[in-house]
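Report on the following structure.
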Ligand code: HEC
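Residue numbers (the numbering used here): 52 to 207.
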């Protein structure tokens, strides 16, 4: 009896420390990233374009440093981490969950740019498989241009 009581107290203490009731804790894993330490509402987590960009941001940092060092495996890993992100953005554009902050009506141009950008990523992947570092660096520079050009047109 005492043991059960102690376990119960322990359990609720844990819950208190964790700071959320049990029914939320199951959903917590997916939400944690966005809910914690932020008073902002959820849209950032449900906007596939922002998700794509966040992934692209992290991947591109890895690509830059790995390309500079000739670390082909790291470049490939970064490219693979982006798998599916563009498709989700496209679906979001169709469903209306993604709206462009600037030049919102030019969706066709945006989709083409995004597709071109991902074609460049494929080209980088091929250069990586050939272990052609010169080509890797050339494409990495073009990718950076791609980020900036698209932001100039579609990002506020
Ligand atoms: C095809 C167009 C396009 C390309 C290419 C592109 N971006 Fe973006 N990016 C956008 C748009 C549009 C936004 C603004 C989204 C919004 O605020 O709703 C954005 C926003 C961002 C953000 C801010 C996300 C946030 O939390 O507000 C980051 C970071 C980012 N991009 C990084 C990059 C990097 C790094 C690259 C290149 C490796 C890149 N982007 C390439 C269109 C693009």
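Each residue gets a CB set at the ideal place from its N, CA and C atoms; glycine is no exception.
With a cut-off of 8 Å, do at least 3 Cβ pairs link the segment 138–157 to the segment 105–122? no
Is residue 108 near the ligand HEC, judged by its Cβ being under 7 Å from some heavy atom? If you number the chain shown from 1, residue 108 lands on position 57. Within the cutoff, so yes.
Quick one: Cα of residue 163 to Cα of residue 120, how far? Reading the chain shown from its first residue, position 112 is the one you call residue 163. Reading the chain shown from its first residue, position 69 is the one you call residue 120. C-alpha separation (whole angstroms): 31 Å.
Burial state of residue 170 (16 or more Cβ within 10 Å): By 1-based counting over the chain shown, the position of residue 170 is 119. Counting Cβ neighbours within 10 Å, residue 170 comes out exposed, since fewer than 16 surround it.
Is there contact here, the segment 144–157 with the segment 175–188, by at least three beta-carbon pairs under 8 Å? no
Could you check where the alpha helix (DSSP H) with residue 132 kicks off and where it finishes? As a position in the chain shown, residue 132 is number 81, starting the count at 1. From DSSP, residue 132 is part of no alpha helix (DSSP H); its letter is neither H nor E.
Return yes when the C-beta of residue 105 is under 7 Å from any heavy atom of the ligand HEC, and no when it is not. Position 54 of the chain shown, counted from the first residue, corresponds to residue 105. Under cutoff, so the answer is yes.
Does DSSP put residue 117 in a helix, in a strand, or in coil? As a working note, residue 117 is residue 66 in the chain shown. Residue 117: helix per DSSP, three-state reduction.
Roughly how many whole angstroms lie between the Cα atoms of residue 187 and residue 157? Here the question's residue 187 lines up with position 136 in the chain shown. Here the question's residue 157 lines up with position 106 in the chain shown. Distance between the alpha carbons of residue 187 and residue 157: 31 Å.
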